[in-house]
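Take a look at the structure below.
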Amino acid sequence: MIFPRYSAWVGWVLFGCLYACQPADSKQAIEQPDPSAASSTATAPERTSPRPRSADRLAQQLIPILRGAWIPLRYYKALVRTHSPYQAREALDGISMLIVDPHTRAGDSLLVALGYNNHEGGVPAYVSLRPGAQPNTLAFSLEGEDSNQSALGYRIVGADTLLQLWRYDATLKGGTTQTFRKVPGLLPQGDSLAYSTTYALNQLLLAGQYTGVDSLGQRCKVFFTATGEVRGLPHYQRYTPQFDYVGLLDNDLDYLLLDPDSDHPTHLAFTLHTDTLRLYAVHADTSQHLHRGALHYTLVRRP
Numbered sequence: 601m602i603f604p605r606y607s608a609w610v611g612w613v614l615f616g617c618l619y620a621c622q623p624a625d626s627k628q629a630i631e632q633p634d635p636s637a638a639s640s641t642a643t644a645p646e647r648t649s650p651r652p653r654s655a656d657r658l659a660q661q662l663i664p665i666l667r668g669a670w671i672p673l674r675y676y677k678a679l680v681r682t683h684s685p686y687q688a689r690e691a692l693d694g695i696s697m698l699i700v701d702p703h704t705r706a707g708d709s710l711l712v713a714l715g716y717n718n719h720e721g722g723v724p725a726y727v728s729l730r731p732g733a734q735p736n737t738l739a740f741s742l743e744g745e746d747s748n749q750s751a752l753g754y755r756i757v758g759a760d761t762l763l764q765l766w767r768y769d770a771t772l773k774g775g776t777t778q779t780f781r782k783v784p785g786l787l788p789q790g791d792s793l794a795y796s797t798t799y800a801l802n803q804l805l806l807a808g809q810y811t812g813v814d815s816l817g818q819r820c821k822v823f824f825t826a827t828g829e830v831r832g833l834p835h836y837q838r839y840t841p842q843f844d845y846v847g848l849l850d851n852d853l854d855y856l857l858l859d860p861d862s863d864h865p866t867h868l869a870f871t872l873h874t875d876t877l878r879l880y881a882v883h884a885d886t887s888q889h890l891h892r893g894a895l896h897y898t899l900v901r902r903p
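Mapping the sequence shown onto my numbering, position 59 (from 1) lands on 659, and the numbers just tick up by one.
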């Protein structure tokens with residue numbers, strides 16, 4: 601399986617409407633933090649007071665870019681490197697999913713759904729269709745928080761669109777930044793954090809057409825979709841990878857839930873190496889520690 605490679609970071613793609621409103625002598629590039637880190641020290645430049653811009657105009661220009669589901673870039677890279685949701689969980693530190701849905705717009709604000717550590721949702725957040733504290737950003741705030749405490753910016757690198765979220769400290773001159781990568785092909789609506797996370801992992805790790813053999817040596821064809829359908833595994837129609845390991849400290853397996861919404865979903869452990877997917881039985885001991893059992897399927901993803 602070939603994963604996308606990142607090109608060298610390029611300069612910020614400037615917000616056209618915000619950039620245009622600054623005098624020519626004040627159009628300066630801002631210093632960028634290391635995008636490969638989940639968080640790093642962020643130095644805020646001198647605060648500016650750009651002229652107000654029409655919320656409708658900003659919405660028309662920016663909503664098509666901001667709309668969608670976003671996962672942390674550090675988590676994405678960990679999934680690419682390990683092919684393992686269990687191992688990649690260590691790359692999560694705070695926000696694990698960010699969803700911008702244009703249908704939630706109210707006046708000059710959009711509601712932003714936030715997931716934390718693939719486990720739970722957080723307090724509502726809002727992105728405002730007005731300039732943020734830094735040039736070429738939008739104001740961002742958690743519910744009940746001063747809108748000057750955070751800012752949201754974006755850039756396009758090759759085929760990828762990246763968001764950066766600045767969180768300032770009390771001095772407004774330092775803090776942290778987190779970089780997010782858009783999940784391609786997903787336009788979620790409302791608070792669909794679990795589905796968006798599942799879609800992202802399916803698309804990145806498992807989706808595709810496979811051929812292989814079962815435990816009896818019989819040839820088989822299996823097809824996994826990014827939206828969670830599975831064909832070719834007898835008696836099963838849907839699947840989802842386990843991604844929430846909070847509170848599951850005894851379970852160190854990567855595994856799938858087959859027909860996860862049924863009363864008795866089936867567990868299959870999996871390993872993924874390059875394009876070879878192996879599915880195993882799962883057994884639980886008396887302490888509910890999951891153990892990998894016999895090999896059920898050896899599958900190779902087709903181009």
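We put the CB at the ideal spot given by N, CA and C, even for glycine.
Keep in mind that this is a model prediction, so the values were computed, not measured.
- Setting aside the 5 residues that flank it on each side, D769 is surrounded in the same chain by G775, each with a C-beta closer than 8 angstroms to its C-beta; the list follows chain order.
- Between the region 824–837 and the region 706–725, the count of Cβ pairs shorter than 8 angstroms is below three; the stretches do not touch.
- Going by DSSP, R681 is part of the alpha helix (DSSP H) stretching over 673–682.
- A distance below 9 angstroms separates the beta carbons of F870 and P841.
- Along the length of the region 734–803, whole alpha helix (DSSP H) runs at least 4 residues long occupy 793–801, reported in chain order.
- Nearest in C-alpha terms to P664, of all of H873, L804, Y754, A739, is Y754.
- For Y897, the closest of R819, A655, R674 by C-alpha to C-alpha distance is R819.
- Listed as beta-bridge partners of R878 by DSSP are T871, T898.
- For D859, the secondary structure class from DSSP, reduced to helix, strand or coil, is coil.
- Judged by beta-carbon spacing, R767 lies beyond the 9 angstroms limit of L658, meaning their Cβ atoms are not closer than that value.
- Ranked by how close their Cα comes to the Cα of L742, the residues S728, P724, L899 have P724 in first place.
- Burial of D701 is indicated by the presence of at least 16 other C-beta atoms within 10 angstroms of its C-beta.
- Assigned with DSSP and collapsed to three states, D656 falls in helix.
- For Y836, no beta strand (DSSP E) segment is defined, and its DSSP state is neither H nor E.
- Of the residues assessed, S815 falls on the exposed side of the cut-off, its CB having fewer than 16 other CB atoms within 10 angstroms.
- Beyond the five residues adjoining it in sequence on each side, A669 comes within less than 6 angstroms, by CB distance, of I699, V783, L786, P788, S796 in the same chain, given in chain order.
- Between T811 and L872, the gap from beta carbon to beta carbon reaches 9 angstroms or more.
- F780 is not a Cβ neighbour of L804, given a cutoff of 9 angstroms.
- Per the coordinates, the alpha-carbon of Q660 lies some 17 angstroms from the alpha-carbon of L752.
- Contact between L765 and F740 holds: CB atoms are separated by about 7 angstroms, below the 8 angstroms threshold.
- Here the alpha carbon of K773 sits roughly 47 angstroms from the alpha carbon of P860.
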